[in-house]
Each structure stands twice: as structure tokens, then as C-alpha cells.
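Visitor: Numbering (mature numbering (1 follows the signal peptide of the UniProt record, and there is no 0)), first residue to last: -19 to -1, 1 to 100. Backbone N, C-alpha and C define an ideal beta-carbon position, used for all residues, glycine too.
1) Using DSSP's beta-bridge definition, name the partner residues of residue 71.
2) What are the boundary residues of the beta strand (DSSP E) that includes residue 89?
3) Whole angstroms is fine: what's the gap from residue 88's alpha carbon to residue 77's?
4) Could you check what DSSP says for residue 80 in three-state terms: helix, strand or coil?
5) Can you give me the C-alpha to C-alpha distance between residue 91 and residue 70, rounded to a whole angstrom?
6) Nearest to residue 17 by alpha carbon, out of 7, 41, 81?
7) In terms of residues, what are the limits of the beta strand (DSSP E) holding residue 5?
8) Measuring only the C-alpha atoms, how far is residue 40 from residue 24?
9) Residue 30 to residue 5, Cα distance in whole Å?
10) Taking only three categories from DSSP, how would you classify residue 24?
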């Protein structure tokens, strides 16, 4: 009986461990960038973005919560954060400006009108 329970427990653990979705990667031959999609454990998309051929983050990256709402958008240039990144948390939008891969400024605004435009 103990062996049966142990075997069942091992099968359940193995099933759960291997059910996690692996990242999807494919080379876009037109842009010469590797398009990547990462997933939450429930299979919904957690991040989408691109790498250059040296495997450095390059281009726009978007992160999503488990409900599919966008929680951040930003860009990389050969692995360095660049431009303005946007981060959403509840009704607050933070805009973080990057220069030379360092934070150059931060602005924060609160959505008081209940309008959501991040999807």
C-alpha cells in the first residue's frame, strides 16, 4: 500500500513538474531577432520580447500578469534599458526614463477616471 501511494505521489509530482510551459523562441529571419514568449505556470503569457543574435535583450519587451493585463512595457538596446518604460500597478502608472542603462527620471500618475488603456 505504501508503495502504491508513493508511486501515485511521484506520478503527480512528475506530471505537475513537466506540465509547466517552456518558453517559445523562434528566429525572425527578416529582423534577425529571436522572438521570445514566456509563460506563467497556468499557461498564460508572462512576457514577450526579442533578443539579438548575441542573446542580448533587444527591442520592446512586454510583461503581463496572470490575468493577461499589461504590467510593464519597455525597450532594450543590446541588453541596455533605453527610453521610457511604463509600469502599471492598480491605478498607478509609473514612467521611468532610462539613459545609458540608468534611471534618468521617474514620473507617477494615478488614474482617477477609471479608464484603463493598457491592453
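Guide: Based on what the coordinates show:
1) None; residue 71 has no bridge partner.
2) That run of the beta strand (DSSP E) goes 83 to 91.
3) 7 Å
4) strand
5) Whole-angstrom Cα-Cα distance: 10 Å.
6) 7
7) 5 to 9
8) 24 Å
9) 11 Å
10) coil
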